[in-house]
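Order-wise, the sequence lines are chains A and B.
Adding 26 to a residue's 1-based position in the first sequence gives its number in the numbering used here.
Adding 26 to a residue's 1-based position in the second sequence gives its number in the numbering used here.
Number of protein chains: 2
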Amino acid sequence: MAARSRTSRTGTAPAATAATPLRQPTAAAGGPISHAIFRVARLHRMLAGSLLRPTGLYPGQELVMMHLWDRGAQRQTDLIKVLDSDAATMTRTIQRLERAGFVRRRPDPSDARAALIEPTPASQHLRAEIENIWRQLESLTLGSLTDAQQQTTLSTLEELERNLLENTSEP
Amino acid sequence: MAARSRTSRTGTAPAATAATPLRQPTAAAGGPISHAIFRVARLHRMLAGSLLRPTGLYPGQELVMMHLWDRGAQRQTDLIKVLDSDAATMTRTIQRLERAGFVRRRPDPSDARAALIEPTPASQHLRAEIENIWRQLESLTLGSLTDAQQQTTLSTLEELERNLLENTSEP
DNA sequence: ATTGATTACCTGTCTGAACAAGTAATTGAA
DNA sequence: TTCAATTACTTGTTCAGACAGGTAATCAAT
Numbered sequence: 027m028a029a030r031s032r033t034s035r036t037g038t039a040p041a042a043t044a045a046t047p048l049r050q051p052t053a054a055a056g057g058p059i060s061h062a063i064f065r066v067a068r069l070h071r072m073l074a075g076s077l078l079r080p081t082g083l084y085p086g087q088e089l090v091m092m093h094l095w096d097r098g099a100q101r102q103t104d105l106i107k108v109l110d111s112d113a114a115t116m117t118r119t120i121q122r123l124e125r126a127g128f129v130r131r132r133p134d135p136s137d138a139r140a141a142l143i144e145p146t147p148a149s150q151h152l153r154a155e156i157e158n159i160w161r162q163l164e165s166l167t168l169g170s171l172t173d174a175q176q177q178t179t180l181s182t183l184e185e186l187e188r189n190l191l192e193n194t195s196e197p
Numbered sequence: 027m028a029a030r031s032r033t034s035r036t037g038t039a040p041a042a043t044a045a046t047p048l049r050q051p052t053a054a055a056g057g058p059i060s061h062a063i064f065r066v067a068r069l070h071r072m073l074a075g076s077l078l079r080p081t082g083l084y085p086g087q088e089l090v091m092m093h094l095w096d097r098g099a100q101r102q103t104d105l106i107k108v109l110d111s112d113a114a115t116m117t118r119t120i121q122r123l124e125r126a127g128f129v130r131r132r133p134d135p136s137d138a139r140a141a142l143i144e145p146t147p148a149s150q151h152l153r154a155e156i157e158n159i160w161r162q163l164e165s166l167t168l169g170s171l172t173d174a175q176q177q178t179t180l181s182t183l184e185e186l187e188r189n190l191l192e193n194t195s196e197p
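The structure is reproduced here in structure tokens:
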């Protein structure tokens, strides 16, 4: 699902959407928190996407780049582990980053099966931009929450994460 | 991104993943709450997906079905508005639900452009199952949170949603 | 040293989602 | 009445992500 009536366009449409932020989509009344997670996640992802768009990166790709910038050349497997991703997804994400010129591949000297992925020099221009985008994203997400409220929010999310982790790998 | 090292398989792997739930992926340290939202959303979606799998529905499709069961035949536009979705996505979601035999299309007698989407009688078998899945999803998400904590969680999520809504439609 | 896992990656297929372009039918004016 | 929006819906393309196979290279025993 999800699209949220285009970002801009006609100019009047967004207001109409924004007017019903807490609408109970009827059926989902049985799981208000699940539904809220859906909505927040969607909005958050959309925001990340629109902040990232000018850079040419798609949501998720920036995490790969951040890791490469931080830790230098990595094998695909390492990226998969760290980002808790999937081999197939990572293969294609890296192919796209490679096509876009942000990443380069080099055979791993110690293992002929593996390849080392490294950020290109050109990609360094992106780095500050991406970091700034993450700061913006966090700030827009938090709005005017006080430090104490931010702490509560983080704790709440971590609690949800703990529950989900517990109940995800077959309970 | 995201895959979370397969649901089951070797049997030992999940534990390794579960052991580092709050790992700071280095680069994302600049946006701890944004990152927590990512992780929670991913886990939540995965859980929803795995609960839904046996029914043959994919995440998102169940929301469409729930609405159709609740409100009866709807035009595509109405579904789009209510689920805050995208016309293109809805077109294809409905095509898939149609192929799966859960919905049927009928021309709108009052508007030749529109089609009415209605749940098939066969789909009714799914209804209780889906409602049960949503209860499970909510319960697994909430873990052992007290009522008060659940209220806090919901408020927190709604606060985040409000912030994101405000800052999403061009501020 | 040969054989049988395991590991590292890749490809294909299907899903939701975003975006861009369409095609009809309908509506609103001039 | 005609003609220019608007509306309802489709189609095409590109992402991430999940799942189901592959294919080499490496490792661990026998």
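Backbone N, C-alpha and C fix where the C-beta goes; we use that ideal spot for every residue, glycine too.
Of all residues in the stretch 55-73 of chain B, only GLY56, GLY57, PRO58, ILE59, SER60, ALA62, ILE63, ARG65, VAL66, ALA67, LEU69, HIS70, MET72 and LEU73 place a beta-carbon less than 7 angstroms from a beta-carbon of chain A.
The C-alpha of MET116 of chain B lies about 31 angstroms from the C-alpha of TRP160 of chain A. Residues of the stretch 145-161 of chain A with a C-beta less than 7 angstroms from any C-beta of chain B: GLU157, TRP160 and ARG161, listed in chain order.
In the DSSP assignment, the residues bridged to ARG101 of chain A are A:LEU142. Look at LEU166 of chain B: its C-beta is under 8 angstroms from a C-beta on chain A. One thing to note: LEU190 of chain A has its Cβ within 8 angstroms of the Cβ of THR167 of chain B.
In the three-state reduction of the DSSP assignment, PRO135 of chain B falls in the coil class, being assigned neither a helical nor a strand state. Neighbours of THR179 of chain B in chain A, taken as residues whose beta carbon is under 8 angstroms from its own, are ILE59, THR182, GLU185 and LEU186 in chain order. Taking C-beta atoms as the reference points, GLU155 of chain A and SER60 of chain B fail to come closer than 8 angstroms. For VAL129 of chain A, DSSP records a beta bridge to A:PRO145. With respect to chain B, the C-beta atom of GLU124 of chain A has no partner C-beta closer than 8 angstroms.
Excluding five sequence positions before and after PRO85 of chain A, the CB atoms of its chain that fall closer than 8 angstroms to its own CB belong to ARG71, ALA74, GLY75 and LEU78, given in chain order. Taking 8 angstroms as the CB threshold, GLY169 of chain A lines the interface with chain B.
Boundaries cannot be given for THR81 of chain B, as no alpha helix (DSSP H) includes it and DSSP labels it neither H nor E. When rounded, the separation of the alpha-carbon atoms in GLY56 of chain A and GLU157 of chain B is 8 angstroms. Of all alpha-carbon atoms in B:LEU94, B:GLN121 and B:LEU123, the one lying nearest the alpha-carbon of LEU109 of chain B is that of B:LEU94.
Exclusion of the five residues before and after GLY82 of chain A leaves ALA126 as the residues of its chain whose Cβ lies within less than 7 angstroms of its Cβ. If you draw a straight line from the Cα of GLU192 of chain B to the Cα of ARG65 of chain A, it is about 14 angstroms long. The contact set of GLN100 of chain B on chain A, defined by CB atoms closer than 7 angstroms, is empty, because the minimum CB distance reaches about 11 angstroms.
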